[in-house]
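Below is one structure, written out as structure tokens; comments come after it.
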Amino acid sequence: MLPFLSAIHAPGHSDNGYDNFSISQALGFSGDEHALVCGLAANRNTTKSLVEKYNSSISKGEEKLNELLEVEEETEVEELPLPDSGQTKLF
4 MLPFLSAIHA PGHSDNGYDN FSISQALGFS GDEHALVCGL AANRNTTKSL VEKYNSSISK
64 GEEKLNELLE VEEETEVEEL PLPDSGQTKL F
């Protein structure tokens, strides 16, 4: 899979956007892994800022997910009454 990802992020590719995180996030990559796939040097300041941007976008997505989960938990679930234990079955 690495050759395909590297080809997508190659300098000559039409969709070459290092700041396009959609594929890397869908695959669960960290910011450092995204930079590695893009072929960026880890010691450059631009790469470090890109990794920070990537990680902050992940944390924002996690915050939105947590908010959605909290809203879901807050919704009340209607409980159905249990039948009497003395009730007999017809079948």
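In my numbering, the protein residues as written are 4 to 94. The beta carbon of each residue, even a glycine, is placed where N, CA and C say it ideally should be.
Going by other Cβ atoms of all chains shown within 10 Å of its Cβ, with 16 needed for buried, is Ser27 buried or exposed?
So Ser27 counts as buried.
For the alpha helix (DSSP H) containing Gly31, name the first residue and the last one.
That residue, Gly31, is in no alpha helix (DSSP H); it is neither H nor E in DSSP.
Go ahead and pull the three-state DSSP assignment for Asn38.
Note on residue identity: the sequence assigns Ala, not Asn, to residue 38. DSSP places Ala38 in helix when its eight states are reduced to three.
Relative to the alpha-carbon of Thr49, which residue among Pro84, Leu85, Leu83 and Asp22 has its alpha-carbon at the smallest distance?
Ranking the options by Cα distance to Thr49, first place goes to Asp22.
Less than 8 angstroms between the beta carbons of Val40 and Leu8, yes or no?
In contact: Val40 and Leu8 (Cβ atoms closer than 8 angstroms).
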